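The block underneath contains the structure these notes are about, expressed in structure tokens.
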Amino acid sequence: MFEKMLDFLIPNYIAEGKSYLGIGIGCTGGKHRSVVLSDKIYEYLKLKGYSIKLFHKD
Numbered sequence: 001m002f003e004k005m006l007d008f009l010i011p012n013y014i015a016e017g018k019s020y021l022g023i024g025i026g027c028t029g030g031k032h033r034s035v036v037l038s039d040k041i042y043e044y045l046k047l048k049g050y051s052i053k054l055f056h057k058d
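Sequential numbering from 1 applies to the sequence shown in full-length UniProt numbering.
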């Protein structure tokens, strides 16, 4: 789902000379959906070779 969007946006973001991108994902209801989605995005971008850090607040 997010792969196509990230594959389009990140190279353009880098081409503009930007070196930092923050992505925030939130969820309500206590089901930890934001954690799962964040982990999936992290794994995807890591496989693409991006230097990435992941932080969970809760």
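All C-beta atoms in this analysis are idealised placements derived from N, C-alpha and C, irrespective of residue type, glycine included. None of these values were measured; they are calculated from a predicted model.
Could you say which of the options lies nearest to residue i if we only look at CA atoms?
{"i": "V36", "options": "H56, P11, F8", "result": "H56"}
{"i": "Y42", "options": "G24, I14, N12, G17", "result": "G24"}
{"i": "S51", "options": "S34, D7, G29, Y20", "result": "Y20"}
Taking its Cβ as the centre, do 16 or more other Cβ atoms sit within 10 Å of residue i, making it buried, or is it exposed?
{"i": "L45", "result": "buried"}
{"i": "S38", "result": "buried"}
Grab the span of the alpha helix (DSSP H) containing residue i for me, first residue to last.
{"i": "E16", "result": "E16 -> no alpha helix (DSSP H), and no H or E assigned at all."}
{"i": "I41", "result": "33 to 47"}
Have a look at residue i and residue j and give me their C-alpha separation to the nearest angstrom.
{"i": "L54", "j": "K4", "result": "20 Å"}
{"i": "L47", "j": "C27", "result": "25 Å"}
Less than 9 Å separating the beta-carbons of residue i and residue j?
{"i": "K40", "j": "F2", "result": "yes"}
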